[in-house]
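**Student:** Sharing a structure here in structure tokens format.
Protein chains: 2
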Amino acid sequence: MAGGAREPGRSVTSKVLAVLGAFDSAHPQLSLSDIARRSGLPLSTVHRLVGQLEEWQALSRTSDGRLRVGMRLWELGQLAPARLQDLAHPWLQELFVTTGENVHLAVRDGMEVLYVDKVHGRRAVPIVSRTGGRLPMHPTGVGKALLAHEPEWFVSSYLARRLERPTPHTVTEPGRLSRELAAVRAQGYALTFEEMTLGSCSAAAPVLVGGRAVAAVGLVVSSRRARELKRLVEPLLAAADRIAHDYARAHAA
Amino acid sequence: MAGGAREPGRSVTSKVLAVLGAFDSAHPQLSLSDIARRSGLPLSTVHRLVGQLEEWQALSRTSDGRLRVGMRLWELGQLAPARLQDLAHPWLQELFVTTGENVHLAVRDGMEVLYVDKVHGRRAVPIVSRTGGRLPMHPTGVGKALLAHEPEWFVSSYLARRLERPTPHTVTEPGRLSRELAAVRAQGYALTFEEMTLGSCSAAAPVLVGGRAVAAVGLVVSSRRARELKRLVEPLLAAADRIAHDYARAHAA
DNA sequence: CCCCGGTCTTCCACTGAGTGGAAGTTTAGT
DNA sequence: ACTAAACTTCCACTCAGTGGAAGACCGGGG
Numbered sequence: 001m002a003g004g005a006r007e008p009g010r011s012v013t014s015k016v017l018a019v020l021g022a023f024d025s026a027h028p029q030l031s032l033s034d035i036a037r038r039s040g041l042p043l044s045t046v047h048r049l050v051g052q053l054e055e056w057q058a059l060s061r062t063s064d065g066r067l068r069v070g071m072r073l074w075e076l077g078q079l080a081p082a083r084l085q086d087l088a089h090p091w092l093q094e095l096f097v098t099t100g101e102n103v104h105l106a107v108r109d110g111m112e113v114l115y116v117d118k119v120h121g122r123r124a125v126p127i128v129s130r131t132g133g134r135l136p137m138h139p140t141g142v143g144k145a146l147l148a149h150e151p152e153w154f155v156s157s158y159l160a161r162r163l164e165r166p167t168p169h170t171v172t173e174p175g176r177l178s179r180e181l182a183a184v185r186a187q188g189y190a191l192t193f194e195e196m197t198l199g200s201c202s203a204a205a206p207v208l209v210g211g212r213a214v215a216a217v218g219l220v221v222s223s224r225r226a227r228e229l230k231r232l233v234e235p236l237l238a239a240a241d242r243i244a245h246d247y248a249r250a251h252a253a
Numbered sequence: 001m002a003g004g005a006r007e008p009g010r011s012v013t014s015k016v017l018a019v020l021g022a023f024d025s026a027h028p029q030l031s032l033s034d035i036a037r038r039s040g041l042p043l044s045t046v047h048r049l050v051g052q053l054e055e056w057q058a059l060s061r062t063s064d065g066r067l068r069v070g071m072r073l074w075e076l077g078q079l080a081p082a083r084l085q086d087l088a089h090p091w092l093q094e095l096f097v098t099t100g101e102n103v104h105l106a107v108r109d110g111m112e113v114l115y116v117d118k119v120h121g122r123r124a125v126p127i128v129s130r131t132g133g134r135l136p137m138h139p140t141g142v143g144k145a146l147l148a149h150e151p152e153w154f155v156s157s158y159l160a161r162r163l164e165r166p167t168p169h170t171v172t173e174p175g176r177l178s179r180e181l182a183a184v185r186a187q188g189y190a191l192t193f194e195e196m197t198l199g200s201c202s203a204a205a206p207v208l209v210g211g212r213a214v215a216a217v218g219l220v221v222s223s224r225r226a227r228e229l230k231r232l233v234e235p236l237l238a239a240a241d242r243i244a245h246d247y248a249r250a251h252a253a
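Protein chains in written order, with UniProt numbering: chain A, 1 to 253; chain B, 1 to 253.
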């Protein structure tokens, strides 16, 4: 090779995955050189790999020539274990119908919440979360609901890190946060007010199976209508409960 | 190499993709040797690739040790162009609320329909389609709605092939099928009765933008309640229309 | 007009990552 | 205990992948 295999030798597969990994919810479309930068691979290598991925429709081009995840990957992604979503969706559905608000389902992944399903109507509040998206745990309702039911050691290692502060209302002080989590455990649900986005607030309940929170259901409403959240807590808890019930039954079988 | 590079030399990337491509909606979980068989790659190669993919959580193991698409790929898939889904979802939502039936959205991909979104309640009929799933066009409502608005040459090449016959009610005779398509064009929607699955029937309407069917909206109900479909056609057409309207507006911008 | 900063594409000589047949190991079924 | 199938490991060979560099392309501003 001219430049030749200088690198100690990463496997090709890991390079392919590095290219794909360059995409995330904050960067859904990238130029060739963006990918090279973000993956740390030489441009010529990225160029070749992208070409091959494009051929298979794992990546596709936007109208302005940038790259984005292709239909083929979406299709593949749909095959991922969907037990939780499948069984929860009808209940989210029902919750949406009774409340008319943004409804979503999230699980914990690492130190973040991962949104796995969402039901929303037309006049929904502009909402940050997106199916497949991630957010930190402490400023979100679902995040708090999940965090409150994690073991002690997990919570303290979460709090030990520097916590992001997306709005002035975000609670980042460890002492106050753990008192809040205790309250969430006690009352069975979490409330947030403009802690993630100015203009919206949320209520969330954990889906508890055998004492563990396997997921959380959240409602997001405009902060003008924050007082209405109280009214919505009951159906929210009911939905979380139903999902937990179905989940437990599905796992017994 | 012991056996060594006998093959003329496919790129590693293509092998990775061949492994992923072994998964489809009919085969969401596969054993190592299933993958080898389906991808045509030697077992030892598959073994290594799968190991690397697993490490990255592109694949994961089921409880019984078989492989399935991992969370990471699902997440990635969520980044795929979702304009259509995003804009259609609220209307599907609304259609579900007014009808209470299985609602889904499909597009044409090649000679098949690809289901891209679905809203369903609890007491839904067991339904074959699944988000990300594919079905042939002629036995499904959405398929007929889409096919009816394809250009002449496409329809004839579709009809020229040997058509599957999943139930005794499936219409496969080219003459009769093209007469049906003409009727669909004339009345603006398609009806099917147990053509794909015994026990369920459907109504579907194309989402027409500039004379082209960019997608189709479908309703599936139990065949016992087939007569009720008539009543549901009106909201169905309305939903398809709204989606078409939003779509056209989004594309103008 | 030309030059500059950026992005994308092509080239090519070298070499180690990938290869796959075969042998060994574990698992399941009879 | 025997058989068959699925899985894992091994290893010598070699070609697919490599990446630096040079070239093409595209605006935009002097």
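Think of the CB as a built atom: it goes at the ideal place given N, C-alpha and C, for glycine as much as any other residue.
Predicted model only: the values in this text are computed from it and were never measured.
1. Could you tell me the distance, in whole angstroms, from the CA atom of B:GLU195 to the CA atom of B:ARG227?
2. Would you decide whether A:SER39 is buried or exposed? Buried here means 16 or more other CB atoms lie within 10 Å of its CB.
3. Just list the alpha helix (DSSP H) runs in the UniProt domain "HTH iclR-type" (10–71) of chain B, keeping only unbroken ones of 4 residues or longer that don't cross its boundaries, in chain order.
4. Rounded to whole angstroms, what is the Cα-Cα separation between B:LYS15 and B:LEU114?
5. Just the chain B side, please: which residues come within less than 8 angstroms of A:HIS120 by C-beta, in chain order?
6. In angstroms, rounded to a whole number, what distance separates the CA positions of B:GLU94 and A:THR99?
7. May I ask you to report which of helix, strand or coil DSSP gives B:SER222?
8. The ligand PLP and A:LEU177: does the residue's C-beta get closer than 7 angstroms to at least one heavy atom of that ligand?
9. Quick check on this structure: which residue in B:VAL12, B:ARG72, B:LEU67 has the alpha carbon closest to the alpha carbon of A:LEU20?
10. Mind checking A:SER11: buried by the 16 CB within 10 Å criterion, or exposed?
11. Alpha carbon to alpha carbon, how far is A:LEU146 from B:ALA148?
12. Using three-state DSSP, classify B:ARG179 as helix, strand or coil.
13. Of the choices A:VAL209, A:LYS230, A:LEU219, A:GLU234, whose alpha-carbon is the least far from that of A:ALA244?
14. A:PHE193 bridges to which residues according to DSSP?
15. Anything in chain B within Cβ reach of A:ARG68, meaning under 8 angstroms, just list it in chain order.
16. Quick one, are the C-beta atoms of B:PHE96 and B:VAL116 less than 8 angstroms apart?
17. Using a Cβ-Cβ distance under 8 angstroms, would A:GLN187 count as near chain B?
18. Going straight from the alpha carbon of B:ASP24 to that of B:ARG68, what length do you get?
19. Run down chain A in chain order and give the residues with a C-beta less than 8 angstroms from the C-beta of B:VAL97.
20. If you measure between the beta carbons of B:ARG66 and B:SER44, is that distance less than 8 angstroms?
21. Can you tell me whether B:ALA106 is helix, strand or coil according to DSSP?
22. What is the C-beta distance between B:LEU92 and B:GLY141, in whole angstroms, given that I count them as a contact (C-beta under 8 angstroms)?
23. Using the rule of at least 16 other Cβ atoms within 10 Å of the residue's Cβ for burial, across every protein chain shown, is A:THR13 buried or exposed?
**Tutor:** Taking the geometry as given:
1. Residue 195 of chain B sits at position 195 when you count from the first residue of the second sequence. Residue 227 of chain B sits at position 227 when you count from the first residue of the second sequence. Approximately 16 angstroms, taken between the alpha carbons.
2. The residue given as residue 39 of chain A occupies position 39 in the first sequence. So A:SER39 ends up on the buried side.
3. 12–21, 32–39, 43–55
4. The residue given as residue 15 of chain B occupies position 15 in the second sequence. The residue given as residue 114 of chain B occupies position 114 in the second sequence. Approximately 25 angstroms, taken between the alpha carbons.
5. Stepping through the first sequence from its first residue, residue 120 of chain A is reached at position 120. Ordered by position in chain B, the residues that pass the 8 angstroms Cβ test against A:HIS120 are HIS89, PRO90, GLN93.
6. For the purposes of this step, residue 94 of chain B is taken as the residue at position 94 of the second sequence. For the purposes of this step, residue 99 of chain A is taken as the residue at position 99 of the first sequence. Each residue's Cα considered, the two are about 14 angstroms apart.
7. Reading the second sequence from its first residue, position 222 is the one you call residue 222 of chain B. Strand at B:SER222.
8. Inclusion of the ligand PLP in the displayed structure is not the case, the ligand content being empty and no account of it being possible.
9. Here residue 20 of chain A is taken as the residue at index 20 of the first sequence, counted from 1. When each option's Cα is compared against that of A:LEU20, the closest is B:ARG72.
10. Working through the first sequence from its first residue, we reach residue 11 of chain A at position 11. Label assigned to A:SER11: exposed.
11. On the first sequence, position 146 is the one that residue 146 of chain A refers to. On the second sequence, position 148 is the one that residue 148 of chain B refers to. Going from the Cα of A:LEU146 to the Cα of B:ALA148 covers about 49 angstroms.
12. Within the second sequence, residue 179 of chain B is the residue found at index 179, counting from 1. Helix.
13. Mapped onto the first sequence, residue 244 of chain A falls at position 244. When only C-alpha atoms are compared, the closest one is A:VAL209.
14. Residue 193 of chain A sits at position 193 when you count from the first residue of the first sequence. Looking at the DSSP assignment, A:PHE193 forms a beta bridge with A:CYS201.
15. Taking the first sequence and counting its residues from 1, the one referred to as residue 68 of chain A is at position 68. Here the neighbours are LEU79, ALA80, PRO81.
16. Numbered from its first residue, the second sequence carries residue 96 of chain B at position 96. Numbered from its first residue, the second sequence carries residue 116 of chain B at position 116. The answer is no: Cβ separation not under 8 angstroms.
17. Residue numbering aside, residue 187 of chain A sits at position 187 when the first sequence is read from its first letter. Chain B contact via Cβ: absent.
18. As a first step, residue 24 of chain B must be located in the second sequence, where it is residue number 24. As a first step, residue 68 of chain B must be located in the second sequence, where it is residue number 68. Approximately 10 angstroms, taken between the alpha carbons.
19. If you number the second sequence from 1, residue 97 of chain B lands on position 97. The contacting residues are VAL97.
20. By 1-based counting over the second sequence, the position of residue 66 of chain B is 66. By 1-based counting over the second sequence, the position of residue 44 of chain B is 44. It is not a contact, given that the beta carbons lie outside the stated cut-off.
21. In the second sequence, the residue the question calls residue 106 of chain B occupies position 106. Correct three-state label for B:ALA106: strand.
22. As a first step, residue 92 of chain B is located in the second sequence; it is residue number 92 there, counting from the start. As a first step, residue 141 of chain B is located in the second sequence; it is residue number 141 there, counting from the start. Wrong, their Cβ atoms sit about 15 angstroms apart, outside the cutoff.
23. One-based indexing of the first sequence puts residue 13 of chain A at position 13. Per the 10 Å Cβ criterion, buried.
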